[in-house]
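K.L.:
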């Protein structure tokens, strides 16, 4: 299953559209989820009863719009909805406990919640047990390429598995991008790691012979290198922390850089064991 969070914003609807297409590619059901305060989910009467009713009606409208968008984009995908009680981050993480993907939008402000969704994106990307996709407000373009950022032979298996699987499902090229420092010493130190990376990729190429693979060794800061590569990509894939992605970048650094700057949908792949993965 794929879970997508909505909040009444345009970015939320773009996230639904992306998630519906991904559900079709993976042949899995889709759940459109909306989180609201726990007290508003219960009809307790009293002085705040009218406010709770208004919030529930608004939530129903948002969820209905999300389901409508999903069914218009991909009529064959089985889609349902859920109203989640509690904080959006914790509620979405719990709802996606057994999901393959959790998809959220990234934008300035949701109409109903008045909450920065960037904080939701940071929260779920840092704590969800499944891989997290962050979709920008502008409709994503189709450019025929998936980009994955790697840091050498230490790149997590889950990161490469996700990237190769996505490229195969979409029938597009996979571009493997490795950034190195701006000085000659940094390049020299990276060369042995690059050789190990090429050895690692050999096995993946053999298992995915139907995927065209391009390797880019790019001089520059990893975040800027990724941003530029993302301008030519349908999807940008990074690891969640440590050696799963770019060396020396933890999730916070990736979030602060790429959640604001990535010009295409961004996937943060869990690099810890026990994560649901296919492919």
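Residue numbers (the UniProt record's numbering): 1 to 279.
Note that beta-carbon positions come from the ideal geometry of N, C-alpha and C, so glycine has one too.
#1: Closest to residue 101 by CA distance: which of 136, 125, 196, 35 is it?
#2: Less than 7 Å between the beta carbons of residue 19 and residue 69, yes or no?
#3: Cα separation between residue 214 and residue 220?
#4: Buried or exposed, going by whether 16 or more other CB atoms sit within 10 Å of the CB of residue 49?
#5: Indicate whether the contact test is met: 3 or more Cβ pairs, each with one atom in the segment 85 to 104 and one in the segment 50 to 68, closer than 8 Å.
#6: Can residue 231 and residue 263 be called in contact, C-beta distance under 7 Å?
#7: Would DSSP call residue 172 helix, strand or coil?
#8: Measure how close the beta-carbons of residue 32 and residue 67 come, nearest whole angstrom, since I'm counting them as under 8 Å.
#9: Specify, as a first and last residue, the run of the alpha helix (DSSP H) that residue 36 falls within.
#10: How many angstroms separate the CA atom of residue 270 from the CA atom of residue 130?
#11: For the putative contact between residue 99 and residue 84, defined by C-beta atoms under 8 Å, what is the C-beta separation to the nearest angstrom?
#12: Would residue 175 be called buried (16 or more neighbouring beta carbons within 10 Å of its own) or exposed?
#13: Give me the Cα-Cα distance between residue 206 and residue 199, rounded to the nearest whole angstrom.
#14: Can you have a look at residue 7 and say buried or exposed, based on whether 16 or more other CB atoms are within 10 angstroms of its CB?
#15: Taking only the alpha-carbon atoms, compute the straight-line gap between residue 11 and residue 257 and give it to the nearest angstrom.
#16: Tell me the rounded alpha-carbon separation between residue 246 and residue 128.
#17: Helix, strand or coil for residue 217 per DSSP?
#18: Residues in its own chain within less than 7 Å of residue 140 by CB, not counting five upstream and five downstream?
#19: To the nearest angstrom, how far is it from the Cα of residue 236 to the Cα of residue 143?
#20: Roughly how many angstroms separate the alpha carbons of residue 364 and residue 106, rounded to a whole number?
#21: Please classify residue 239 as buried or exposed, where buried requires at least 16 neighbouring CB atoms within 10 angstroms.
#22: Closer than 6 Å: is that where the CB of residue 120 sits relative to any heavy atom of the ligand SAH?
P.N.:
In short, the structure shows the following:
#1: In the chain shown, the residue the question calls residue 101 occupies position 101. Considering only alpha carbons, the answer is 125.
#2: In the chain shown, residue 19 corresponds to position 19, counting from 1. In the chain shown, residue 69 corresponds to position 69, counting from 1. Cβ atoms of residue 19 and residue 69: not closer than 7 Å.
#3: Here residue 214 corresponds to residue number 214 of the chain shown, with the count starting at 1. Here residue 220 corresponds to residue number 220 of the chain shown, with the count starting at 1. Roughly 18 Å between the two C-alpha positions.
#4: For the purposes of this step, residue 49 is taken as the residue at position 49 of the chain shown. It counts as exposed.
#5: No: the two stretches stay apart, fewer than three of their Cβ pairs being nearer than 8 Å.
#6: Along the chain shown, read from residue 1 onward, the residue named residue 231 stands at position 231. Along the chain shown, read from residue 1 onward, the residue named residue 263 stands at position 263. In contact: residue 231 and residue 263 (Cβ atoms closer than 7 Å).
#7: Within the chain shown, the letter at position 172 stands for residue 172. Note: residue 172 maps to coil in three-state DSSP.
#8: As a first step, residue 32 is located in the chain shown; it is residue number 32 there, counting from the start. As a first step, residue 67 is located in the chain shown; it is residue number 67 there, counting from the start. Residue 32 to residue 67, Cβ: 5 Å. Contact.
#9: Sequence index remark: in the chain shown, residue 36 carries index 36 (1-based). Run containing residue 36: none in the alpha helix (DSSP H); it sits in the beta strand (DSSP E), 30 to 36.
#10: Numbered from its first residue, the chain shown carries residue 270 at position 270. Numbered from its first residue, the chain shown carries residue 130 at position 130. For the pair residue 270 and residue 130, the Cα-to-Cα distance works out to about 6 Å.
#11: To locate residue 99, count along the chain shown from 1; it is residue 99. To locate residue 84, count along the chain shown from 1; it is residue 84. In this structure, residue 99 and residue 84 do not form a Cβ contact; the two beta carbons are roughly 13 Å apart against a cut-off of 8 Å.
#12: The count along the chain shown starts at 1 and reaches residue 175 at position 175. The residue is buried, with at least 16 neighbouring Cβ atoms inside 10 Å.
#13: For the purposes of this step, residue 206 is taken as residue 206 along the chain shown, with counting starting at 1. For the purposes of this step, residue 199 is taken as residue 199 along the chain shown, with counting starting at 1. Approximately 11 Å between the Cα atoms of the pair.
#14: As a first step, residue 7 is located in the chain shown; it is residue number 7 there, counting from the start. Classification of residue 7: buried, given that the 10 Å Cβ count is 16 or more.
#15: As a first step, residue 11 is located in the chain shown; it is residue number 11 there, counting from the start. As a first step, residue 257 is located in the chain shown; it is residue number 257 there, counting from the start. Cα to Cα, residue 11 sits roughly 19 Å from residue 257.
#16: For the purposes of this step, residue 246 is taken as residue 246 along the chain shown, with counting starting at 1. For the purposes of this step, residue 128 is taken as residue 128 along the chain shown, with counting starting at 1. A caution first: residue 246 carries a pLDDT of 48, below 50, which makes its placement in the model too unreliable to give a value.
#17: Position 217 of the chain shown holds residue 217. The answer is strand: DSSP assigns residue 217 an E or B state.
#18: Along the chain shown, read from residue 1 onward, the residue named residue 140 stands at position 140. Within the same chain, 18, 234, 264, 265 come within 7 Å of residue 140 by CB-CB distance, once the 5 residues on both sides are set aside.
#19: Position 236 of the chain shown, counting from 1, holds the residue named residue 236. Position 143 of the chain shown, counting from 1, holds the residue named residue 143. Each residue's alpha carbon lies about 12 Å from the other.
#20: Absent from the model: residue 364. The displayed extent of the chain is 1 to 279, so no value can be given.
#21: Taking the chain shown and counting its residues from 1, one reaches residue 239 at position 239. Buried, since its Cβ has 16 or more Cβ neighbours within 10 Å.
#22: Absence of the ligand SAH is noted for the structure shown, with no ligands found whatsoever.
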